[in-house]
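Protein chains: 2
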Amino acid sequence: MNNNHTFSIGEFSKKTGIPIPTLHYYDEIGLLCPEKNPSSGHRIYNYQDLVLLQKIVSLKFLGYRLDEITDLLHEIHFTVDLNESLSLHLQALEKEKKQIEQSIMSINRVIKLVEEEETVDSNVLFSLIHGMRTEHIQEEWMHRHMLTDVVEELSKKSEEDKIALDKTFLQLSKEVKQLYGKPVTDPQVQILIKSYMEAIFSFLGEDLMIKLANTNIEELDIEELEKLTPSPFTEDEQKWLNRAMEFCMEQEEIKKL
Amino acid sequence: MNNNHTFSIGEFSKKTGIPIPTLHYYDEIGLLCPEKNPSSGHRIYNYQDLVLLQKIVSLKFLGYRLDEITDLLHEIHFTVDLNESLSLHLQALEKEKKQIEQSIMSINRVIKLVEEEETVDSNVLFSLIHGMRTEHIQEEWMHRHMLTDVVEELSKKSEEDKIALDKTFLQLSKEVKQLYGKPVTDPQVQILIKSYMEAIFSFLGEDLMIKLANTNIEELDIEELEKLTPSPFTEDEQKWLNRAMEFCMEQEEIKKL
DNA sequence: ATAAAACCTCAAGTAACTTGAGGTGCAAGC
DNA sequence: GCTTGCACCTCAAGTTACTTGAGGTTTTAT
Chain F
7 MNNNHTFSIG
17 EFSKKTGIPI
27 PTLHYYDEIG
37 LLCPEKNPSS
47 GHRIYNYQDL
57 VLLQKIVSLK
67 FLGYRLDEIT
77 DLLHEIHFTV
87 DLNESLSLHL
97 QALEKEKKQI
107 EQSIMSINRV
117 IKLVEEEETV
127 DSNVLFSLIH
137 GMRTEHIQEE
147 WMHRHMLTDV
157 VEELSKKSEE
167 DKIALDKTFL
177 QLSKEVKQLY
187 GKPVTDPQVQ
197 ILIKSYMEAI
207 FSFLGEDLMI
217 KLANTNIEEL
227 DIEELEKLTP
237 SPFTEDEQKW
247 LNRAMEFCME
257 QEEIKKL
Chain U
7 MNNNHTFSIG
17 EFSKKTGIPI
27 PTLHYYDEIG
37 LLCPEKNPSS
47 GHRIYNYQDL
57 VLLQKIVSLK
67 FLGYRLDEIT
77 DLLHEIHFTV
87 DLNESLSLHL
97 QALEKEKKQI
107 EQSIMSINRV
117 IKLVEEEETV
127 DSNVLFSLIH
137 GMRTEHIQEE
147 WMHRHMLTDV
157 VEELSKKSEE
167 DKIALDKTFL
177 QLSKEVKQLY
187 GKPVTDPQVQ
197 ILIKSYMEAI
207 FSFLGEDLMI
217 KLANTNIEEL
227 DIEELEKLTP
237 SPFTEDEQKW
247 LNRAMEFCME
257 QEEIKKL
């Protein structure tokens, strides 16, 4: 309330928490120009400047850019016009928030993974991160292919479930790289494949697996899906893995009969 | 899986969604340097480049800066070291998220307010925004003064309650500016003050009000609190308001007796 | 052959500061 | 009265991750 008190830039900076260089900058761009001692050139801030700076910080807090703030500061009243621009800011912030939330979740998953594995092949890790990053695009892809119930089922999964699947996948890729070269009929290979498929089975549930298996997806879109989920395997490893999985499924069919 | 396919920069850009100028830039800073046709100088991207770019985008997604990415790309395995830096990123992201959430809430409150009022005095609005922005500092201040239960009570309040209080405050300040100058004993003034105090009463609850009233706060800290919550009134208006409130409370005391 | 599309380089702009070099103003201690 | 040191000054350049633009070359389609 001591309206006619003045401050040096250092005092003002301490009072407001805004660094001196920033105050210099605000002066330079004409946002907050205090008086100046004509002889020394030192800036002299007063109570008005304090109020003004508080407005500036408030508008920054709402998400406005400095040039917009320069304009807004001259308005004495705020009307419904303000709401339009506020709504825009709101949308941008919501989007930003979503992205951050996704990143946070992904980092958590990666941390858990690396924590328990000590060392992770970077290709595998990137493949997983890529999957997390494009989760929403994958969902959109599934929606396009009438797999809405798959999406719903997946969204019900907890973070723990996802981390568990991450681990399974990591385990699989490690063992694939070890066993690669052995014949696909090798019992060790078949055990691996079976346990992997079971893990996916229990994650998705039988209904969805059948639905997925029965869904015809055209060549072109397979390519698109591949773009979405890059494999951590080399081309040869992938081929070998596919053969092994086919063989495994054949065996299961035989057993059933 | 067509490992030996190559792409022009345009094709590569379409395939990956990364704009051409950005690819130029990544080349320039040595992050992703494709082959070049020696005669024309045109860039030739291949499958390896695609994989590399996916890694780059993934690391960006986790929050790394481009120079950090340049280093990380050379690592073949990720170990627990990675987790340290991931945890750091996580913290930064959480902080960012909190700030965004606060801004979102504040914008919502401001939108609601302006929506229903059509036009709002900018001083009042800034005073409110300032309050929202420094809510957590205010809480910290109250904690320091053993007002922990006040903090708890406040945090229970819904957004609607807060918006309602915003409105009351807005109404008050409008009327203060209209009635200012009249004697504090004027019935119109007294009605205003009483309704305002009742609003605060019902917001905080009687227990807390009494606790607040009984709390002795030293001069120095009052100043600190004032810094936190700037008044939308002029010094004179504030004095007048204080006198009016004192008179009102005296009247209440008399009634009780 | 020619026109349009795609590509190239190099330079400068963006936002909101931050950092640094080199110099002035002022109060206190000797 | 001089020096030391601190707070302040200006002006320039650096930061991050791009984006925009000018002006020129290459490729592709007709």
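For the record, the sequence lines run as chains F and U.
According to the numbering used here, the first sequence is numbered sequentially starting from 7.
According to the numbering used here, the second sequence is numbered sequentially starting from 7.
C-beta: ideal position from N, C-alpha, C; glycine also.
| Straight-line CA distance for LYS118/U to ILE169/U? | Working through the second sequence from its first residue, we reach residue 118/U at position 112. Working through the second sequence from its first residue, we reach residue 169/U at position 163. Each residue's Cα considered, the two are about 8 Å apart.
| field | chain F contacts made by the stretch 100 to 117 of chain U, where a contact means CB separation under 9 Å | value | GLU100, GLU102, LYS103, GLN105, ILE106, GLU107, GLN108, SER109, ILE110, SER112, ILE113, ASN114, VAL116, ILE117
| request: Please determine, among ARG71/F, VAL116/F, LEU94/F, TYR70/F, the residue with the shortest C-alpha to C-alpha distance to GLU90/U. | output: Sequence index remark: in the second sequence, residue 90/U carries index 84 (1-based). The shortest C-alpha separation from GLU90/U is found at VAL116/F.
| Apart from the five residues on each side of it in sequence, which residues of its chain come closer than 7 Å, Cβ to Cβ, to SER237/F? | As a position in the first sequence, residue 237/F is number 231, starting the count at 1. The answer, listed in chain order, is SER133, GLN244.
| Is the beta carbon of LEU247/U less than 7 Å from the beta carbon of VAL182/U? | For the purposes of this step, residue 247/U is taken as the residue at position 241 of the second sequence. For the purposes of this step, residue 182/U is taken as the residue at position 176 of the second sequence. Taking 7 Å as the Cβ cut-off, LEU247/U and VAL182/U qualify as a contacting pair.
| request: Just mark ILE35/U as buried or exposed, buried being the case when its beta carbon has 16 or more other beta carbons within 10 Å. | output: Taking the first residue of the second sequence as 1, we reach residue 35/U at position 29. When all chains shown are included, ILE35/U counts as exposed.
| Beta bridge counterpart(s) of LYS188/U as assigned by DSSP | For the purposes of this step, residue 188/U is taken as residue 182 along the second sequence, with counting starting at 1. Partner(s): TYR186/U.
| task | Kindly indicate if chain U contains any beta-carbon less than 7 Å away from that of ASN248/F. | result | Looking up residue 248/F in the first sequence gives position 242. Judged by the 7 Å Cβ criterion, ASN248/F is not in contact with chain U.
| said: Let me see if you follow: with CB-CB separation under 7 Å, is LEU134/U close to chain F or not? | reply: Walking along the second sequence from the start, residue 134/U turns up at place 128. LEU134/U does not count as touching chain F.
| Name the DSSP beta bridge partners of GLU41/U, please? | Locating residue 41/U in the second sequence gives position 35, where the first residue counts as 1. Answer is ILE50/U.
| message | Once DSSP output is grouped into helix, strand and coil, what is the label at HIS279/F? | response | Lying outside 7 to 263, the shown extent of chain F, residue 279/F is not represented and no answer is given.
| request: Report the residue ranges of all alpha helix (DSSP H) runs contained in full by the stretch 93 to 151 of chain F; include only those spanning at least 4 residues, in chain order. | output: 128 to 139, 141 to 150
| said: Can you pull the chain F neighbours of ASN89/U, defined as C-beta to C-beta under 9 Å? | reply: In the second sequence, the residue the question calls residue 89/U occupies position 83. Ordered by position in chain F, the residues that pass the 9 Å Cβ test against ASN89/U are VAL116, ILE117, VAL120, GLU121.
| Would LEU92/F count as contacting chain U if we go by Cβ distances under 7 Å? | If you number the first sequence from 1, residue 92/F lands on position 86. LEU92/F counts as touching chain U.
| field | Of the residues GLY23/U, CYS39/U, LEU153/U, the one placed nearest LEU214/U, counting alpha carbons only | value | Translated into positions along the second sequence, residue 214/U becomes position 208. Comparing Cα-Cα distances from LEU214/U to each of GLY23/U, CYS39/U, LEU153/U, the minimum goes to LEU153/U.
| query | Should LEU38/U be flagged as near chain F, meaning a C-beta pair shorter than 7 Å? | reply | Along the second sequence, read from residue 1 onward, the residue named residue 38/U stands at position 32. Answer no: the Cβ-Cβ gap between LEU38/U and chain F never drops below 7 Å.
| Going by beta carbon distance, what residues of the same chain come within less than 7 Å of PHE209/U, once the five residues before and after it are set aside? | Here residue 209/U refers to the residue found at position 203 when the second sequence is read from its first residue. ASP167, LEU171, listed in sequence order.
| HIS83/U, enclosing alpha helix (DSSP H) - first and last residue | Within the second sequence, numbered from 1, the residue matching residue 83/U stands at position 77. Per DSSP, HIS83/U belongs to no alpha helix (DSSP H); it is in the beta strand (DSSP E), 83 to 85.
| request: Counting only the same chain and skipping the five closest in sequence on each side, list residues whose C-beta sits under 7 Å from that of MET7/U. | output: For the purposes of this step, residue 7/U is identified with residue 1 of the second sequence, where counting begins at 1. Any reading at MET7/U is ruled out, since the residue's pLDDT is 48, under 50, leaving its predicted position unreliable.
| Which first and last residues belong to the alpha helix (DSSP H) in which PRO27/F is found? | Reading the first sequence from its first residue, position 21 is the one you call residue 27/F. Taken as a continuous stretch (DSSP letters only), the alpha helix (DSSP H) holding PRO27/F covers 26 to 34.
| query | What does SER64/F touch in chain U if you count any residue whose Cβ is under 8 Å from its own? | reply | By 1-based counting over the first sequence, the position of residue 64/F is 58. Correct list: PHE132, ILE135, HIS136, ARG139.
| request: With 7 Å as the threshold, decide whether the Cβ of ALA169/F is near any Cβ in chain U. | output: Your numbering for residue 169/F matches position 163 in the first sequence. Rather than Ala, the amino acid found at residue 169/F in this sequence is Ile. Not an interface residue.
| query | By the criterion of Cβ-Cβ separation under 7 Å, what are the contact partners of THR174/U in chain F? | reply | The count along the second sequence starts at 1 and reaches residue 174/U at position 168. Near THR174/U there are no residues of chain F at all, since even the closest Cβ is about 18 Å away, more than 7 Å.
| query | Between THR140/U and TRP147/U, what straight-line distance do the alpha-carbon atoms span, to the nearest angstrom? | reply | To locate residue 140/U, count along the second sequence from 1; it is residue 134. To locate residue 147/U, count along the second sequence from 1; it is residue 141. Distance between the alpha carbons of THR140/U and TRP147/U: 10 Å.
| field | Residue closest to GLU252/U, alpha-carbon to alpha-carbon, out of MET203/U, ASN220/U, LEU218/U, PHE175/U | value | The residue you call residue 252/U lines up with position 246 of the second sequence. That would be MET203/U, whose Cα lies nearest to the Cα of GLU252/U.
| What three-state label does DSSP hand THR76/F in the structure shown? | Your numbering for residue 76/F matches position 70 in the first sequence. Helix, per DSSP.
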